[in-house]
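Residue numbers (our numbering): 4 to 311.
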């Protein structure tokens, strides 16, 4: 079932390629990352084995969350979601991939006026970018990689994202058994399980809001859904379970939708769980979807070139 990922979505009519080259295998980073200077605001996350997915008894559990064991190498992830300021520098420099709410430096009018409800959160430099598709996010990664020439920037795999979100926990949230609106930005009218209601802010918050998880990552629950590298397949976790321990999974080889993770400012608490999976067409743009980056050091990125 496709979950509601925003208050409204916009589709483009661009024809999509059925598949994309996988990201560089993250397993090799552990031998070089600690010796290299990471970009500002990136943290090295030590890999290991973890249980991906959720138990059937977890409130909010869905059938596509079958638990299975995953082994990951080290990887570096940005502490924050990509911001409006960062993304607009890319769009203006390349004169392409403008977010859905912006056209030639003017805030959109007409049927896209709903974006204006976000007010300062739409254009403030330290808020997460929204209104960008998976294709836009990929283009941003490619641009940043070419611009800085210090390694490769890419979207996280779904397994990397969940591992990073959990921050070493096995509970529904990295905050424990519950998530409050003091800890994350989601629709507080729909709290987790039978917990008290909280605040509904009706917009995104700045990327450094709330306390980070134990890996130093902000807003892994709520604020914006985050694009991942992987194609979505509701049965993929079942297939992983059959294989035993899965080493650095890259997701299905092809598909029609890409994975998004984490929930958003408009989501119910149950959809912000560490294990919750959602998806969208690669060309979909939404006021509730953004992304964050993984960084691959130069030694690894040159050994594993990837095509966009």
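We put the CB at the ideal spot given by N, CA and C, even for glycine.
{"Asked": "Alpha-carbon spacing of residue 224 relative to residue 236, whole angstroms", "Found": "22 Å"}
{"Asked": "Burial state of residue 34 (16 or more Cβ within 10 Å)", "Found": "With a pLDDT of 46 at residue 34, under the threshold of 50, the predicted position of this residue should be treated as unreliable, and no value is reported."}
{"Asked": "Cβ neighbours of residue 149 in the same chain (closer than 6 Å, five flanking residues each side left out)", "Found": "none"}
{"Asked": "Any C-beta of chain C under 7 Å from that of residue 119", "Found": "The chain labelled as chain C is not found in the depicted structure, where only one protein chain is given."}
{"Asked": "Host beta strand (DSSP E) of residue 275 (start-end)", "Found": "Unbroken run through residue 275: none, as it is neither H nor E."}
{"Asked": "Rounded separation between residue 191 and residue 211 - CA only", "Found": "20 Å"}
{"Asked": "Whole-angstrom distance between residue 273 and residue 178, CA atom to CA atom", "Found": "13 Å"}
{"Asked": "Inter-residue Cα distance where the pair is residue 195 and residue 182", "Found": "7 Å"}
{"Asked": "Rounded separation between residue 199 and residue 173 - CA only", "Found": "23 Å"}
{"Asked": "Residue range of the beta strand (DSSP E) that includes residue 262", "Found": "261-264"}
{"Asked": "Spatial distance of residue 143 from residue 246 (CA atoms)", "Found": "34 Å"}
{"Asked": "Residue from 291, 135, 257, 243 whose Cα sits closest to the Cα of residue 94", "Found": "135"}
{"Asked": "For residue 169, three-class secondary structure by DSSP", "Found": "helix"}
{"Asked": "For residue 133, three-class secondary structure by DSSP", "Found": "coil"}
{"Asked": "Segment contact, 8 Å Cβ cut-off, at least three pairs: the stretch 54-67 with the stretch 216-234", "Found": "no"}
{"Asked": "Helix, strand or coil at residue 82 according to DSSP, with G and I counted as helix", "Found": "coil"}
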